[in-house]
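Below is one structure, written out as structure tokens; comments come after it.
Residue numbers (the numbering used here): 27 to 403.
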């Protein structure tokens, strides 16, 4: 086998030394890139979630500003039921956010309202009205969600006297519901890239409002496991989610401000697009490195195996008695030194064989034979 030969081992060693670091480096880079991209997607999801909470707060604050403007109108300052009925008739049908208006005295008792005259004022609203009358600043009181899961708020603003803007004569309270239409208005302010999507869900996972091209129009609900709900209740859960034929990176969280679940999704192919590019480029670089290392290993094996083969052949011929054989291995490296040592050994053995042959001739001639002459007699 090729790895059982010297040149094969040299080539494989060079290939391993040059190619394995590229493979290991590529794998580590791929893992690091995938983890970094996932963290980046999670950070983006958290930013969108924070933006949704901020957008909701701005939405409520804008509606509160409208209520403050209404409280400063002469119709409300007059506290006349007929004029108040006219104001309520113009406000409530226009804004789905407001459901009912109530005018409270500074002690929290009911003076006028759009509901039935005998409707009781919730205790927390009466206490909040007394606080607003004392401080002169607006306030909000959260009520339990409706059967549909919509968030209910009681917004309270002070009503100042028409003749004395510093004296508070009443408190205007509005019962508001943050429902699907309002939530959709909030989502419509977001610009989502690509096939990202943002959905607000009810307690059963039904889609109340949606934004983004990544969620099919026919989709009605998200099927969330119990473990996912528990994790999202405590913070933000992020994981893979099957969205039809593709897989998405989905983040789910429960928002107390909205009293709804929020789902933020990004197609995994888009979230990890850079990782895919790195993987493709890494494969190309790895293949090129493999080819270059293989060519370099073969060249190195040939450059090393040639002198070694000549040295091995020379040892064999000297061992067979060809002391006149010499190897031509120039250079001062270890192989060159081994070649010089072999040549010295062969030369020494050749000289010893020459001397030995002379003494062998003397022994065969005997003591009475005349010594050999080198010249003419």
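Glycine residues also receive a C-beta, built at the ideal position from the N, C-alpha and C atoms. All figures in this text were calculated on a predicted structure; none of them were measured in a lab.
- Message: I need the DSSP call for residue 322, collapsed to helix, strand or coil.
- Response: Note: residue 322 maps to helix in three-state DSSP.
- Message: Taking 7 Å as the limit between beta carbons, can you name the residues of its chain near residue 388, skipping five residues before and five after?
- Response: Correct list: empty, nothing qualifies.
- Task: Taking residue 178 and residue 132 to be in contact with their CB atoms under 8 Å, please state how far apart those CB atoms are, rounded to whole angstroms.
- Result: Cβ-Cβ separation between residue 178 and residue 132: approximately 24 Å, too far for a contact (criterion under 8 Å).
- Flag this pair as touching only if the segment 65-72 and the segment 179-198 have three or more C-beta atom pairs under 8 Å; answer yes or no. The segment 65-72 vs the segment 179-198: no contact.
- Item | Pairwise C-alpha distance: residue 270 and residue 309 | Roughly 30 Å between the two C-alpha positions.
- What does DSSP give as the partner residues of residue 168 in its beta bridges? BP columns for residue 168 point to 179.
- Query: Between residue 154 and residue 164, what straight-line distance do the alpha-carbon atoms span, to the nearest angstrom?
  - Reply: A direct Cα-Cα distance of roughly 9 Å separates residue 154 from residue 164.
- Close Cβ partners of residue 369 (< 7 Å) along its chain, the five nearest in sequence each way excluded: Excluding sequence neighbours, residue 369 sits near 352 and 353.
- Message: Looking at the secondary structure, which residues open and close the beta strand (DSSP E) in which residue 293 lies?
- Response: Residue 293 -> beta strand (DSSP E) spans 286-293.
- Query: With C-beta atoms as the reference, is residue 278 less than 7 Å away from residue 263?
  - Reply: Yes, they are a contact pair.
- When 334, 226, 336 and 312 are compared against residue 282, the one with the closest alpha-carbon: Looking at 334, 226, 336 and 312, the one whose alpha-carbon comes closest to that of residue 282 is 226.
- Message: For a minimum of 4 consecutive residues, which ranges assigned as the alpha helix (DSSP H) are wholly contained in the segment 185-256?
- Response: Runs found: 206-213.
- Query: Which residues does DSSP pair with residue 385 in a beta bridge?
  - Reply: Under DSSP, residue 385 forms no beta bridge with any residue.
- From the DSSP output, in three-state form, read off residue 352 for me. Correct three-state label for residue 352: coil.
- Message: Which residue wins for smallest C-alpha separation from residue 240, given the options 246, 233 and 221?
- Response: The alpha carbon of residue 240 has as its nearest neighbour, out of 246, 233 and 221, the alpha carbon of 221.
- Which residues mark the beginning and the end of the alpha helix (DSSP H) in which residue 128 is found? Taken as a continuous stretch (DSSP letters only), residue 128 belongs to no alpha helix (DSSP H), being part of the beta strand (DSSP E) at 124-130.
- Query: Just the Cα atoms here: how many angstroms apart are residue 87 and residue 244?
  - Reply: Their Cα atoms are separated by approximately 33 Å.
- Would you say the segment 185-192 touches the segment 205-218, given that touching needs at least three Cβ pairs under 8 Å? Put simply, the segment 185-192 does not touch the segment 205-218. Fewer than three CB pairs are less than 8 Å apart.
- Task: Give the single residue among 385, 266, 199 and 335 whose Cα lies nearest to the Cα of residue 92.
- Result: When each option's Cα is compared against that of residue 92, the closest is 199.
- Task: Pull up the distance between the alpha-carbon of residue 311 and that of residue 237, whole angstroms please.
- Result: Taking the straight line from one Cα to the other gives about 41 Å.
- Going by CA-CA distance only, name the one from 66, 324, 274 and 230 that's closest to residue 285. Distance from the Cα of residue 285 is smallest, within the candidate group 66, 324, 274 and 230, for 230.
- Message: Alpha carbons only, please: which of 160, 257, 187 and 203 is nearest the one belonging to residue 172?
- Response: It is 203.
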